[in-house]
Amino acid sequence: MKQTWSLVGVWSQIKLDQSPNVVKRPGETVKMSCVISGFDMTDHYIHWIRQKPGRALEWIGWMSTGRNSPSYSSSFQDRFLMTEVESSSSQYLEISSLTAEDSAVYFCAREKTQYKTNPTN
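Each position in the sequence shown, counted from 1, maps to that position plus 565 in our numbering.
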């Protein structure tokens, strides 16, 4: 299934702060953070996306904020773990047993709309 993404606008009051760059060895685990501010963390979706050098964006999955209930793309169900700590307005993406194929830029993004049945439709 091919995913298409577009950025429609910028909301200056909404802020997603991500972890700084990190270098890890094969076999290690990495945990990336996405700290959320400027909106209520109980009624939106946060998506995780990655882009390998010279490649298209890949959708990893989403989590409904305030519910700690992730949904993963079928390609990312084994070693990828999305979690949330609502008290610190943070969501996390953890990847275990890293391989060279995991080298990429990872993004978190907030979906503009609030909860609906399926956030990818």
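For each residue, glycine too, the CB sits at the ideal point set by N, CA and C.
query: Burial state of residue 642, where buried means 16 or more other Cβ atoms lie within 10 Å; result: exposed
query: For residue 654 and residue 598, the rounded distance between their alpha carbons; result: 10 angstroms
query: Beta carbon of residue 634 nearer than 8 angstroms to that of residue 626; result: no
query: 8 angstroms Cβ cutoff met for residue 632 and residue 669; result: no
query: Same chain, Cβ closer than 6 angstroms to residue 658, five either side skipped, listed in chain order; result: 597, 613, 647
query: Whole-angstrom C-beta distance between residue 664 and residue 618, which should lie under 8 angstroms; result: About 15 angstroms separates the two Cβ atoms, so there is no contact after all.
query: Counted within 10 angstroms of its Cβ, other Cβ atoms place residue 576 as buried (16 or more) or exposed; result: Bear in mind that the predicted position of residue 576 carries a pLDDT of just 43, short of 50, making it unreliable; the figure below should be weighed with that in mind. Per the 10 Å Cβ criterion, exposed.
query: Beta-carbon proximity list for residue 587, same chain, < 8 angstroms, skipping 5 on both sides; result: 595, 597
query: Distance CB(residue 661)-CB(residue 675) smaller than 8 angstroms; result: no
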